[in-house]
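See structure below.
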Amino acid sequence: MKKVTAIFDEMVLTRVEEALLSHGYKGFTIHKATGRGAYADTYNRNHLSAHIVMTIYVAFDDAEHVAKVLLDAAHTNVEGEGLVSVSPVDNLYWINSKSEASAEDLRSIGGQHEK
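First residue of the sequence shown: 1, per the working numbering; consecutive thereafter.
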């Protein structure tokens, strides 16, 4: 399994969410965040920009596809618009059943692209 994390401008959240849903990926978590990277918001006193941090757990072979969907949807061609990372997941557990999640479990909530 893999964890795909994206940090992007909150103004494109709807577009990112619609792109994921159109590819069958409906399971994700979002958090509002403020931060500073290549771009600094010089209009604000603390120079921090509002962003979304989105986390999606996917089957190993779906990770690159999800990363591409996120990159395409969040891209605005503006400096400092965010990043996408893909990380390995050693173990993932469902709290309700106290059982380990499988790649097939993640596909059932996350879609499956054509390979």
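Every residue, glycine too, gets a C-beta built ideally from N, C-alpha and C.
Since the model is a prediction, treat every value here as computed from it, not as a measurement.
For G35, the number of other beta carbons within 10 angstroms of its own is below 16, and it is reported as exposed.
Put simply, the region 8 to 23 does not touch the region 86 to 106. Fewer than three CB pairs are less than 8 Å apart.
Taking the Cα of I56 as reference, the smallest distance to any Cα among T29, V84 and A50 is reached at T29. Residue environment for H51: buried (at least 16 other C-beta atoms within 10 angstroms of its C-beta).
Distance from the Cα of H23 is smallest, within the candidate group V53, A73 and D9, for A73. Note that the C-beta distance between I7 and V78 is not below 8 Å.
If you keep only unbroken alpha helix (DSSP H) runs of at least 4 residues inside the region 87 to 111, you get 103 to 110. When beta bridges are read from the DSSP output, V69 appears opposite no residue.
It is roughly 15 Å from the alpha-carbon of A19 to the alpha-carbon of V84. When C-alpha distances from G80 are compared across G27, S49, N96 and A33, the shortest belongs to S49. Shown here, M54 sits in a strand according to DSSP, grouped into three states. The distance from the Cβ of K2 to that of F60 is about 6 Å, consistent with a contact at the 8 Å cut-off.
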